[in-house]
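Written out below as C-alpha cells is the structure these notes cover.
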Amino acid sequence: RMPAVRELDDPEIPTAELAGDNSNLAQESIPNLNPTESFPSPLPDGTLETLPPARLQPSLNPLEVPITPDAVQIEETIPITLEQAIDLARRYSPALEVARLQLEQSQALLQEARGDLLPSLTFQSQLQRQISAQGELGVRAARRQAEILGQEIPDLDNFGTTTLNNTLQLNYNTGIDGARSARIEAAREQVKLQKLEFERIAEDLRLQVNTAYYDLQEADGRVDVGEVAVTNAQRSLQDAEALERAGVGTRFDVLQAQVTLANEEQNLTNALRDQRISRRRLVDLLNVNEEVELVAADAIERAGVWEFSLDETIVAAFKNRAELEQELVQRDLSDAQRQIALSAIRPQLNLFANYSVLGLITDDVDPGATRGWADGYTLGATFTWNFFDGRAAKSRAKQNEVDIELAETRFDRLLNQIRLEVEEGFYQLEASFDNIATAELGLEQAREALRLARLRFRAGVGTQLEVINSQTDFTRTELNLLVAILNYNRALSQLQRSVSNLPDNNLSDTP
204 RMPAVRELDD PEIPTAELAG DNSNLAQESI PNLNPTESFP SPLPDGTLET
254 LPPARLQPSL NPLEVPITPD AVQIEETIPI TLEQAIDLAR RYSPALEVAR
304 LQLEQSQALL QEARGDLLPS LTFQSQLQRQ ISAQGELGVR AARRQAEILG
354 QEIPDLDNFG TTTLNNTLQL NYNTGIDGAR SARIEAAREQ VKLQKLEFER
404 IAEDLRLQVN TAYYDLQEAD GRVDVGEVAV TNAQRSLQDA EALERAGVGT
454 RFDVLQAQVT LANEEQNLTN ALRDQRISRR RLVDLLNVNE EVELVAADAI
504 ERAGVWEFSL DETIVAAFKN RAELEQELVQ RDLSDAQRQI ALSAIRPQLN
554 LFANYSVLGL ITDDVDPGAT RGWADGYTLG ATFTWNFFDG RAAKSRAKQN
604 EVDIELAETR FDRLLNQIRL EVEEGFYQLE ASFDNIATAE LGLEQAREAL
654 RLARLRFRAG VGTQLEVINS QTDFTRTELN LLVAILNYNR ALSQLQRSVS
704 NLPDNNLSDT P
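First residue of the sequence shown? That's 204 in my numbering, and the numbers climb one at a time after it.
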C-alpha cells in the first residue's frame with residue numbers, strides 16, 4: 204500500500220505520514236487472504252526452484268470449457284509479489300509457449316537440412332511370380348505353324364518363373380550448386396531468428412506483467428485514497444450537521460457536505476470497479492487458474508534506481524536489443540534464400556551406386572534353363588545444368604535482394620525508435636522522481652491545510668467551502684503521490700525493457 208493518512212477528525216493528530224491499511228480488502232470479505240503455502244524462493248535467473256502452489260496452476264486440458272456457474276466462481280484470493288507474478292508468466296504464458304514450440308520446430312528443420320550432408324542409402328526387395336502372356340502366345344503360334352507345315356507338334360510349354368531381386372542403392376548430391384549449404388545456412392539463421400523472437404517475447408511479457416502489476420497497485424491505492432476521502436467527507440458532514448443543530452451553521456453547509464460525500468462515494472465505487480478489473484486482467488495475463496483472484500502483496504514504493512546516464516543507456520540498448528539483431532539475422536537469411544534461388548541455374552552433380560542380388564526359379568526342368576543366384580553393381584554420376592529457365596531463378600533472387608534491403612532499412616528505423624524509447628523512459632523517470640518529492644511536500648501541506656480548515660470551521664471563523672476545498676486538495680495530493688511513485692516504476696520498467704537483457708536489473712555485455 205502507498206503511504207497514506209487516516210481521516211483527520213482530531214486537530215491533535217500528528218502530521219507525519221501514517222502507514223496505510225487494507226480496509227478495502229476487509230470490506231470485500233476476501234477469504235483466506237494469506238496463503239497457507241508460501242512461494243518457493245527464486246533462483247538467480249528469476250524463476251522459482253519448484254512449482255508454484257498447485258491452486259495457481261492452470262488446467263492441464265487447454266480445451267476444457269466450464270459449463271456450470273460453480274465452475275467459474277472465484278474460490279480463493281491469493282496475494283503475490285511482482286517477482287512471483289513474473290515467474291508465473293514465464294511458466295504459463297501461452298505466447299511464450301508458442302515461441303518455445305516454434306524454436307523447437309526451427310531446430311528440427313535445421314537437423315533436416317543437415318541431413319543432406321550425408322548420402323542416402325536405400326534398400327529395396329522385390330519378390331515376383333510371372334507367367335508371361337506373350338510367352339503363352341508364342342507357344343500357341345509355334346504349335347499352329349507345325350500343324351500348317353504338317354510337322355510333328357513340338358512339346359512346348361510356357362514355364363513360369365519366380366524371381367527375388369534385392370537392390371541396395373546409394374545416392375549422394377555433391378552440392379556443387381550451393382543449394383545444400385545455402386539451405387543449411389537458412390535453417391541456421393531461422394533458429395537464430397526464433398531464439399531472438401523468444402527473447403523479445405519474454406522481455407515484452409516482463410514489461411506487460413510489470414505494467415499490469417503497477418496498474419493493480421494504482422487501483423488498490425485509489426481505493427485506499429477513496430476510503431479515506433469518504434471517511435473525511437463523512438466527518439465533514441457530521442461537523443456541518445452538529446453546527447447546524449447548535450445554531451451556528453447553515454443548511455447550505457450541510458448540503459455542500461452531502462454533495463461532497465456523494466461524489467467521494469461515487470469515486471470510491473469506480474475505484475473498486477477498476478480494482479476488480481485490474482485483478483482479473485492480471486489473472487488473464489499470467490494464465491493462472493481462473494478460479495483464483497490475485498492481489499498485490501508489494502507495498503507501493505520506488506522499485507529501484509537507474510544508475511546509468513542517458514548516453515550509456517542508449518548505447519546499451521543498441522548493443523542488447525533483440526529486435527536489432529533480428530533484422531541482421533533476417534538479412535543473412537534472405538541472402539541464404541537468394542543463394543538457394545540461384546542454385547536452380549547452376550550445375551548439379553549427383554553420384555550413385557547400385558548393388559543387386561537376383562534369385563530366379565523356373566518351372567522348366569531342363570538343366571539348361573536359366574535359374575540360380577547372381578549379383579551385380581552399377582556406378583555412375585549424373586550431371587545436370589539448367590542453362591535457361593525464363594529468368595525465373597534470377598527473379599526469385601531479386602526478390603531476396605529486396606528483402607535484404609528491407610531488413611537494413613528496418614534496422615535503421617529501429618535504431619531511431621529504440622533511441623526514442625530510451626529517451627522517453629529516461630525523461631519520464633527523471634520527471635517522476637521530481638514529482639515524488641513535490642507530491643510528498645504537497646501532501647504535508649495539504650494535510651496541514653485541511654487540519655486548519657477544520658479548526659477554523661469548528662471555531663466559527665471558517666466556512667464549509669474552505670473545508671471542502673481543503674479536503675479535495677488533500678485527496679488530490681494523495682493521488683498525485685500515488686501516481687508519481689507508480690509512474691516512476693513504470694518508467695523504470697520501460698527503461699529496462701528498452702535496454703533489455705536485464706533479468707536482474709543489471710546491465711550485461713552479453714546480448
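For every residue, glycine included, the Cβ atom is placed at its ideal position computed from N, Cα and C.
- [ ] To the nearest angstrom, report how far apart residue 206 and residue 696 are at their CA atoms.
- [x] Any answer about residue 206 is weak, because its pLDDT of 42 lies below 50 and its placement is not dependable; what the coordinates show is given next. C-alpha separation (whole angstroms): 22 Å.
TODO: May I have the straight-line CA-CA distance separating residue 583 from residue 556, to the nearest angstrom?
DONE: Our two residues, residue 583 and residue 556, have alpha carbons roughly 6 Å apart in a direct line.
Task: With 16 other Cβ atoms within 10 Å as the buried cut-off, status of residue 688 - done: Residue 688 counts as buried, since no fewer than 16 other beta carbons sit within 10 angstroms of its beta carbon.
Task: Assigned exposure category for residue 323 - 16 Cβ within 10 Å defines buried - done: Counting of Cβ neighbours within 10 angstroms places residue 323 among the exposed residues, the total staying below 16.
Task: Cβ-based neighbour list, residue 418, same chain, cut-off 6 Å, excluding 5 preceding and 5 following - done: When the five nearest sequence neighbours on each side are left out, the beta carbons in the same chain lying within less than 6 Å of the beta carbon of residue 418 are those of 481, in order along the chain.
Task: Close-in-space but distant-in-sequence residues of the same chain around residue 484 (CB under 7 Å, 5 per side omitted) - done: Excluding positions up to five away in sequence, the list reads 415.
TODO: Grab me the residues of residue 536's own chain with a C-beta within less than 8 Å of its C-beta, minus the 5 sequence neighbours each way, in chain order.
DONE: The beta carbon of residue 536 is closer than 8 Å to those of 389, 392, 393, 396 in its chain, skipping five residues each way along the sequence.
- [ ] Out of 539, 676, 594, state which residue places its alpha-carbon closest to the alpha-carbon of residue 316.
- [x] The shortest CA-to-CA distance from residue 316 to any of 539, 676, 594 is the one to 539.
Open item on the list: For a quick check, are the C-beta atoms of residue 645 and residue 690 less than 8 Å apart?
Closed with: If you check the CB distance, residue 645 and residue 690 do not come in under 8 Å.
TODO: State yes or no: is the C-beta of residue 486 within less than 8 Å of the C-beta of residue 292?
DONE: Pairing residue 486 with residue 292 gives a Cβ-Cβ distance that is not under 8 Å.
Task: Beta-carbon proximity of residue 530 to residue 617, cut-off 8 Å - done: In this structure, the beta-carbon distance from residue 530 to residue 617 falls below 8 Å.
Open item on the list: Between residue 527 and residue 626, how many whole angstroms is the CB-CB distance? I'm expecting something under 8 Å.
Closed with: Actually they do not touch by this definition, with Cβ atoms about 17 Å apart.
TODO: Leaving aside the five residues before and after residue 564 along the sequence, list all residues of the same chain whose C-beta is less than 8 Å from its C-beta, in chain order.
DONE: 364, 365, 366, 574, listed in sequence order.
TODO: Quick one: grab the DSSP three-state call for residue 696.
DONE: In the structure shown, residue 696 adopts helical secondary structure according to DSSP, grouped into three states.
Task: Closest residue to residue 547 among 449, 593, 523 (Cα-Cα distance) - done: Minimum Cα-Cα distance from residue 547 among the listed residues 449, 593, 523 corresponds to 593.
Task: Bridge partners - residue 297, DSSP secondary structure assignment - done: None, per the DSSP bridge assignment.
Open item on the list: For the ligand HEM, I want to know if residue 700 counts as a neighbour, meaning its beta carbon is within less than 7 Å of at least one of the ligand's heavy atoms.
Closed with: As for the ligand HEM, it is missing from this structure, which has no ligand bound.
Open item on the list: For residue 660, count the other beta carbons within 10 Å of its own beta carbon; 16 or more makes it buried, fewer makes it exposed. Which is it?
Closed with: Under this definition residue 660 is a buried residue.
Task: Same chain only: Cβ atoms within 7 Å of residue 343, ignoring 5 sequence neighbours per side - done: Excluding positions up to five away in sequence, the list is empty.
Task: C-beta neighbour in chain C for residue 505, strict 8 Å - done: The structure shown contains no chain C, having only a single protein chain.
Open item on the list: If I measure Cβ to Cβ from residue 501 and keep anything under 6 Å in the same chain, skipping five residues before and after, which residues do I get?
Closed with: Around residue 501: 284, 285.
Open item on the list: Please classify residue 433 as buried or exposed, where buried requires at least 16 neighbouring CB atoms within 10 angstroms.
Closed with: In the assembly as shown, residue 433 is a buried residue. Its beta-carbon has 16 or more other beta-carbons within 10 Å.
- [ ] Return the Cβ separation of residue 449 and residue 460 in integer angstroms, given the expectation that the two are a contact with Cβ distance under 8 Å.
- [x] For residue 449 against residue 460, the beta-carbon gap comes to about 15 Å, at or over 8 Å, which does not count as contact.
Open item on the list: What does the alpha-carbon distance come out to for the pair residue 253 and residue 399?
Closed with: Because residue 253 carries a pLDDT of 48, less than 50, the predicted location of this residue cannot be relied on, and the following value inherits that uncertainty. Computed Cα separation, rounded: 27 Å.
TODO: Over the uninterrupted alpha helix (DSSP H) stretch that includes residue 494, give me the two end residues.
DONE: Looking at the DSSP string, residue 494 is not in any alpha helix (DSSP H), and its letter there is neither H nor E.
- [ ] Rank 590, 506, 508 by C-alpha distance to the C-alpha of residue 545 and give the top, closest one.
- [x] With distances taken between Cα atoms, residue 545 lies closest to 590.
Task: Under the three-state DSSP convention, the category residue 243 falls into - done: Low per-residue confidence applies at residue 243: pLDDT is 44, beneath 50, and the placement is therefore not dependable enough to give any value.
Task: Whole-angstrom distance between residue 504 and residue 699, CA atom to CA atom - done: Taking the Cα positions, residue 699 is about 18 Å away from residue 504.
Open item on the list: I need the straight-line Cα distance from residue 427 to residue 302, nearest angstrom please.
Closed with: Each residue's alpha carbon lies about 40 Å from the other.
Task: residue 227, DSSP secondary structure in three states - done: Confidence at residue 227 is low in this model, with a pLDDT of 36, below 50, so its placement is unreliable and no value can be given for it.
Open item on the list: Using the three-state DSSP reduction, which class does residue 361 fall into: helix, strand or coil?
Closed with: Under the three-state reduction of DSSP, residue 361 is assigned to coil, being neither helix nor strand.
Open item on the list: Please identify the residue among 474, 340, 370 whose C-alpha is closest to the C-alpha of residue 330.
Closed with: Minimum Cα-Cα distance from residue 330 among the listed residues 474, 340, 370 corresponds to 370.
Task: Reduced DSSP secondary structure (H/G/I, E/B, other) of residue 281 - done: Here residue 281 sits in strand by DSSP.
Open item on the list: Restricting to Cα atoms, I'd like to know which of 405, 436, 312 is closest to residue 488.
Closed with: Comparing Cα positions, the closest option is 405.
- [ ] Give the C-beta separation of residue 721 and residue 649 to the nearest angstrom, bearing in mind that I take them to be a contact with Cβ-Cβ under 8 Å.
- [x] Because the chain spans 204 through 714 in this model, residue 721 falls outside it and cannot be assessed.
- [ ] Using beta-carbon positions only, say whether residue 543 and residue 382 come within less than 8 Å of one another.
- [x] In this structure, residue 382 lies closer than 8 Å to residue 543 by Cβ.
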